[in-house]
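Okay, structure first, notes after.
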Amino acid sequence: MNDRLAGIRQEILSGIEQHAESRAAAFELRKQFLDSKTGKIGRMMKEMKNIAPEERAVFGKSINELKEWAQQKFSELDERLKAKELERRYESEKIDVTMPAQCVETGNLHPVTQIRNQLMDIFVGMGFEVAQTREIEKDYYNFEALNIPKDHPARDMQDTFYLSPEFLLATQTSAAQIHTMEKKKPPIKIVAAPGKVFRSDDDATHSPMFHQMEGLVVDERITLCDLKGMLELFAKKIFGEETTTRLRPSYFPFTEPSVEVDVSCFSCGGKGCRLCKGTGWIELLGAGIVNRKVLENCGIDPDRYSGLAFGIGLDRAAMLKYGVNNVKLLFESDLRVLRQINDN
Amino acid sequence: MLVPLSWLKEYVDIDITPQELEKKLFSCGFEVEELMEVGKEISGVAVGLVEECEPIPDTHLHVCKVNAGEHGTFQICCGADNVKAGGKFPVALVGAMVYMTAKDHKTVEGTMTIKKGKLRGYESQGMLCSGVELGVSENMFPGAGYNGLLALPEDAPVGADVKPLLGMDDWIFDISITANRPDCQSILGIAREVAAVLDKELKEPSLEYHETEVQKEGFSVTVDAPDLCPRYIGHYVYDVKIGESPLWMKRRLALVGQDSISNIVDITNYVLLEMGQPMHAFDCDYLEGNAIHVRRAGENEKLVTLDSQEYTLNNSNLVICDGVKLVALAGVMGGLNSEIRDTTGEVLFESARFMRDNIRRTSRALGKRTDASARYEKGVDEYTTVHAMKRALHLVEELGCGKVSRTHVDVNTGNSIEPRQMMVSVKRVNDVLGIEVPGNEILRILRNLHFAPSIEGDQLTLQVPAYREDMDSYPDVAEEVIRMYGYDHVVPTFMPAARVTMGGLDQKLKKEMKLKRALCGAGAYECIHYSFISPSDLDLLRLPQDAPERKIIRLLNPINEELSLMRTTLAASMLNAIARNQKKGNLEGRLFEMGNVFLPQELPLKDYPDERNTLCIGIFGEKESFYTLKGMAERVAETLFVQFSYEPVQKPFLHPYQAAAILWEGKEIGYLGKAAYEVEESLDLRTDAYILELDLKALEPAYDRGASYTPLSRFPGESRDLALVMDREVTCGQVEEIMKKSCSHIGSIRLFDVYEGEQIPQDKRSMAFTVGFVPGEEPFEPDSVDRFVKKILKNLKNQLDIDLRS
């Protein structure tokens, strides 16, 4: 009896050694011993009834030990084979990780949209609403109401495209000031978008269409210091915390006083470089205290309220921020350009 | 405007460097566009005394011994005909920089560095120079125009730098003047600002002259158009001796690029530059009728101007006439018929104010811009008109080129040239600035600007000079104060007094941005194209003459024909962008643009046109098809929580069988399709392009829709695959519509196969769908879905004769 058990034990050991090729072969081998009906151990279990009752307990125990031992052996074998198979599978799936990536291409917003969004985020955070601009404007809104009467030389500053004696292509987003103040009363805080504007100027550095963002604040006691404070905060957010701003006198008919706002050159930090033409400063926007006449034109009492306004060239800001060296590139839709600017 | 430093110094003691002055001007509102050093390119040239001068045999050359004082004595060969022993000439020492001239000795061809050389065996250690080689003209220094050596005065100190001697140690400021300061369009105007910013006194030029007893009997001036000419001053000058102007005047004119013509003409030009007042001098011999009339021109009246150009005028042009004929185009240019000549003996000087708008229009209409018209366009004030005449008469006396008569005619509309009183509140001035400028500073600044200020309590009283027409109210005063006080005094604050406002984007902007981002997510790049297109773009789209897209707004003054129409479709710009990309080797890609089309109610425009926000998508490349583009349309629909339907459509620029109209709630709001091959051919496309255009404005009513959750069914759904056989004309859309109408439990219909071929009848097509059924509140009965399918199949059979494929 014990010999038989030892024999099976031996058979299993040598079987495992010989057939340990694949999990399928191992499974077949297992069946030969452990299948409850046809397996050698299974069959021995059936012999139980032929065994003398007093020996049955010992017999049964021995068989069970053998069975557990065999199960243990076969599961170890299976583990081994499984590991081996996995290893082979991994090996067969070896790839060259330096081969090109497969991407799902994601597009980009236009550089001007990217800049506009960044500016809007900042100003919205300061409590600004966003107003809409028109591309086709009436002379009244583009000029007259902004204190630029028909004979004003400032009209020459902006070569205007006319569509009729009354209608023209907006030369500046400032018309949004008037539209806003006609509809709303102070406190007013708006920026205006999308800000397509047009001037009859087409050369290496000028595009006949470009983009501005207009800002307007009207409330009681708004001062030049507020203008500086607000725009300085804005410049730091866009160009970095170390950015400083400088106001210098300028002229726009719709603001008085009028200023140009320069920011310290973010390329050289103000030491002077090619970008800032050696001056350490970069011209960023025009601004000023809203002209009393403009407030009056919109039915806002200039003795009670004052305002500040500013206009930022978005194309220029995008070019500065992303180092685009030619304004025309912004409107040519060359994918090689658009793919590079993903500051979305 | 060009301002020579030496001229400026006539009116102000300037004791700072040109670079420091540039900064001062910049800080008070006058940007110096360029600061030019006059003799910048010349260096190392000294006064040389020729001590010996021997001809070199058989040549035109001389070998000279030149004493250059402290620099030494050098042997120099020279080919000029006026070289002589004892003469003093500019000597360019070895290492000096001078201009190189062409063979004619007149044309400058860049600069050169002087090196030691040998001529005909004679060593030459430098070069004796002509005026041209130093960049000095006859008007800058007498003798400099001679085609030979520039002979220096006998008292020139040997060895000294020639630059100061020749007036080359000067600087020219090119200053940009803002439109609110026409009074600064002159050297004197700038000098006033410089004096103010430097806290210096302004030395005004002399306006004194002496009238004789002589009169021009019966002479009269009439102004028929006082609205265009509020002031006209004429003064008669006799015993005129036409000749050259003095060197100082010629030099100043030369420094700003103005040729010297003759003393009388130079005086008019000089006064224009110095005071900003255009002036004119008529030769009285050619004035007929002893009168001047200022009037609007008649229709088709003609005038030949000083530059021999003939102009045909009309009622909007202002002209100056004598008793008989036109003699000048007011404010622009004088007439050839009354030009100052060498023989001129009597002159009528004109100093007038013409209104800026009229001069601008005339100048634009005739395409004629002169120094005079440029000044008038920006505005000339009557204070200057009056003073300039005095200045001109002073110069006539100073130059001794004529006698000033008593005939002085001043026609005016009564405008005062006396200072105007202005009272403002000091507090208001400071309120604009947000800082408190000390009272004594305010007074100092305004005094420097000639406003004669005084403060009493809060009241600031100013006497505003008549040339400061820009001064209107307290903000103007605030600006004057702060630009001189310094903008660096402005401290940053953040609206401490303002009320809190709630910021944010409106729904429209939010939705548009969401849509843009969704399209980026679908691999498309946003483009921005010009709002104007070319007439040829409409032809590119093969639009018939009566197409609605051809009802289009035209610019009255386009840059060119290519940019002359306000677009009524975004498709042409997109197709052109695709073509540009393909030309640059980008053979596949996805682009989109969100922009306005402009639809006029009527032409010419009577009201604002409809600016309709529109979306255009353009995709191209081997991987793209009608269906990939349709996928993007569906992405748009999902993003905006709407559902589109599609039906075949014909567009002249699209493939006749691969084009669909996009419908939303039964209304056509766009299209998509493959570009017609004719279009692809005219653009030389190498891969097919597909284009979509969608009227976003029509979708705005859906912009307030938002995401919402439909509870998932608690019970499992089921699906069935149905292979259907139908006539080839039957569309997928028709089949889907019947299915949906047949059963409310359909959750999805997905086409997974289309077959045409041997296994089905010849004129038929098979489409195979997976139809998903979703239970509602109750679970499906065991036979529910079979019943649904039965009903679907029955409806398909009845309505479109569609069978289940066996």
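Chains as they are written, first to last, in this note's numbering: chain A, 28 to 371; chain B, -15 to 790. Idealized CB from N, CA, C, for every residue including glycine.
Between the CA atoms of A:ASP166 and A:GLY222 - distance to the nearest angstrom: Here residue 222 of chain A is taken as the residue at index 195 of the first sequence, counted from 1. Here residue 166 of chain A is taken as the residue at index 139 of the first sequence, counted from 1. Looking at the two C-alpha atoms, the distance is approximately 17 Å.
Rounded distance between the beta-carbons of B:VAL(-13) and B:VAL29, thought under 8 Å: Position 45 of the second sequence holds residue 29 of chain B. Position 3 of the second sequence holds residue -13 of chain B. With 8 Å as the limit, B:VAL29 and B:VAL(-13) do not qualify as a contact, their Cβ atoms being about 26 Å apart.
Skipping 5 residues on each side, what residues in its chain have a beta carbon closer than 7 Å to that of B:SER438? Position 454 of the second sequence holds residue 438 of chain B. Cβ within range, chain order: THR445.
Checking contacts by CB at 8 Å: is A:THR140 closer than that to chain B? Reading the first sequence from its first residue, position 113 is the one you call residue 140 of chain A. Chain B, which has a Cβ nearer than 8 Å to the Cβ of A:THR140, makes this yes.
For a contact defined as C-beta to C-beta under 7 Å, what are the partners of B:ARG325 on chain A? Numbered from its first residue, the second sequence carries residue 325 of chain B at position 341. Those do not exist, as B:ARG325 stays about 35 Å from chain A at its closest Cβ, beyond 7 Å.
Could you list which residues in chain A have their beta carbon closer than 9 Å to that of B:VAL221, in chain order? Here the question's residue 221 of chain B lines up with position 237 in the second sequence. Chain A residues near B:VAL221: none, gap ~33 Å exceeds 9 Å.
7 Å Cβ cut-off: residues of chain B touching A:ALA325: Looking up residue 325 of chain A in the first sequence gives position 298. Reading off the sequence, residue 325 of chain A comes out as Cys, not Ala. Residues of chain B passing the Cβ test: none, with the nearest at roughly 16 Å.
Among residues of its own chain, excluding the 5 on either side of B:ARG390, which ones have a beta-carbon nearer than 8 Å to its beta-carbon? On the second sequence, position 406 is the one that residue 390 of chain B refers to. Cβ within range, chain order: GLU195, THR196, GLU197, VAL198, GLN199.
Where B:GLN585 and B:GLY573 are concerned, what is the direct C-alpha to C-alpha distance, given to the nearest angstrom? Start at 1 with the first residue of the second sequence, and residue 585 of chain B comes out as number 601. Start at 1 with the first residue of the second sequence, and residue 573 of chain B comes out as number 589. Answer to the nearest angstrom: the Cα atoms are 36 Å apart.
Checking the sheet assignment: what are the DSSP bridge partners for B:ALA336? Residue 336 of chain B sits at position 352 when you count from the first residue of the second sequence. Among the bridge pairs identified by DSSP, B:ALA336 is matched with B:TYR216.
B:CYS504 vs A:THR187 beta-carbon contact at 8 Å: Your numbering for residue 504 of chain B matches position 520 in the second sequence. Your numbering for residue 187 of chain A matches position 160 in the first sequence. Their beta carbons are not under 8 Å apart, which means B:CYS504 does not touch A:THR187 by this criterion.
Counterpart residues of A:ASP312 in DSSP-defined beta bridges: Along the first sequence, read from residue 1 onward, the residue named residue 312 of chain A stands at position 285. Position check: residue 312 of chain A holds Leu in this sequence, whereas Asp was assumed. Per DSSP, A:VAL288, A:ILE339.
Give me the Cβ distance between A:GLN204 and A:GLU241, rounded to the nearest whole Å; I'm assuming they're in contact under 8 Å. Mapped onto the first sequence, residue 204 of chain A falls at position 177. Mapped onto the first sequence, residue 241 of chain A falls at position 214. Between A:GLN204 and A:GLU241 a beta carbon distance of about 7 Å is seen, short of the 8 Å cut, so the two are scored as contacting.
Could you check where the alpha helix (DSSP H) with B:PHE772 kicks off and where it finishes? Counted from its first residue, the second sequence places residue 772 of chain B at position 788. First-last of the alpha helix (DSSP H) with B:PHE772: 768 to 784.
Using 8 Å as the Cβ pair cut-off and three pairs as the minimum, do the region 560 to 579 of chain B and the region 691 to 711 of chain B touch? Under the three-pair Cβ rule at 8 Å, the region 560 to 579 of chain B does not count as touching the region 691 to 711 of chain B.
Assigned secondary structure, B:ARG804 (DSSP; H/G/I helix, E/B strand, else coil): Because chain B is modelled from -15 through 790, residue 804 of chain B falls outside the range shown and cannot be assessed.
B:ASP415 - DSSP class collapsed to helix/strand/coil: Taking the second sequence and counting its residues from 1, one reaches residue 415 of chain B at position 431. Reduced to three states, the DSSP call for B:ASP415 is helix.
Which of helix, strand or coil does DSSP assign to B:TYR270? Looking up residue 270 of chain B in the second sequence gives position 286. Reduced to three states, the DSSP call for B:TYR270 is helix.
Within 8 Å of any Cβ in chain B, is that where the Cβ of A:LYS255 sits? Counting from 1 along the first sequence, the entry for residue 255 of chain A is found at position 228. Judged by the 8 Å Cβ criterion, A:LYS255 is in contact with chain B.
Would a check of beta-carbon distances place B:THR1 closer than 8 Å to chain A? Position 17 of the second sequence, counted from the first residue, corresponds to residue 1 of chain B. Judged by the 8 Å Cβ criterion, B:THR1 is not in contact with chain A.
Which residues in the same chain have their Cβ closer than 7 Å to the Cβ of A:LEU274, if we skip the five residues on either side of it in sequence? Within the first sequence, residue 274 of chain A is the residue found at index 247, counting from 1. Correct list, in chain order: LYS255, VAL286, VAL288.
Give the residues of chain B in contact with A:LYS212, contact being defined as C-beta atoms less than 7 Å apart. By one-based count along the first sequence, residue 212 of chain A stands at place 185. Ordered by position in chain B, no residue passes the 7 Å Cβ test against A:LYS212, which lies about 12 Å from the chain.
Status (buried if at least 16 other CB within 10 Å, exposed otherwise) for A:GLN37: For the purposes of this step, residue 37 of chain A is taken as residue 10 along the first sequence, with counting starting at 1. Exposed, by the Cβ-count rule.
For B:CYS727, does the three-state DSSP call read helix, strand or coil? Counting from one through the second sequence, the residue named residue 727 of chain B turns up at place 743. DSSP places B:CYS727 in coil when its eight states are reduced to three.
Would you tell me roughly how many angstroms separate the C-alpha atoms of B:SER204 and B:SER322, rounded to the nearest one? Residue numbering aside, residue 204 of chain B sits at position 220 when the second sequence is read from its first letter. Residue numbering aside, residue 322 of chain B sits at position 338 when the second sequence is read from its first letter. B:SER322 has its alpha-carbon roughly 17 Å from the corresponding atom of B:SER204.
Interface residues of the region 59 to 89 of chain A facing chain B [CB-CB below 9 Å]: none
Name the chain B residues whose beta carbon is nearer than 7 Å to that of A:ALA181? Sequence index remark: in the first sequence, residue 181 of chain A carries index 154 (1-based). By Cβ distance, chain B contributes ALA163.
Looking at chain A, which residues of the region 461 to 479 of chain B have a Cβ within less than 7 Å of any of its Cβ atoms? ALA462, GLU463, ILE466, ARG467, TYR471, VAL474, VAL475, PRO476, THR477, PHE478, MET479
Whole angstroms is fine: what's the gap from B:THR95's alpha carbon to B:ALA508's? Position 111 of the second sequence, counting from 1, holds the residue named residue 95 of chain B. Position 524 of the second sequence, counting from 1, holds the residue named residue 508 of chain B. Distance between the alpha carbons of B:THR95 and B:ALA508: 55 Å.
Starting from B:ILE804 and walking both ways along the beta strand (DSSP E), at which residues does that stretch end? Past the boundaries of the shown model lies residue 804 of chain B; chain B is included only from -15 to 790, so the question cannot be answered.
For B:LEU377, does the count of other Cβ atoms within 10 angstroms reach 16, so buried, or fall short, so exposed? Counted from its first residue, the second sequence places residue 377 of chain B at position 393. So B:LEU377 ends up on the buried side.
Contact between the region 481 to 500 of chain B and the region 512 to 524 of chain B is defined here as three or more beta-carbon pairs at a separation below 8 Å; is this criterion met? no
Locate the beta strand (DSSP E) running through A:GLY242, then write down its first and last residues. Position 215 of the first sequence holds residue 242 of chain A. 236 to 246 is the span of the beta strand (DSSP E), which, as asked, contains A:GLY242.
Any idea which residues DSSP pairs B:MET124 with across the strands? Working through the second sequence from its first residue, we reach residue 124 of chain B at position 140. Paired residue(s): none; B:MET124 is not in a bridge.
Under 8 Å: do the region 344 to 354 of chain A and the region 472 to 491 of chain B share three or more Cβ pairs, one atom per stretch? no
Give the residues of chain B in contact with A:CYS252, contact being defined as C-beta atoms less than 8 Å apart. What you label residue 252 of chain A is simply residue 225 of the first sequence in a count that begins at 1. Those are LEU417, GLY418, ILE419, VAL474, VAL475, PRO476, THR477, listed as they occur along chain B.
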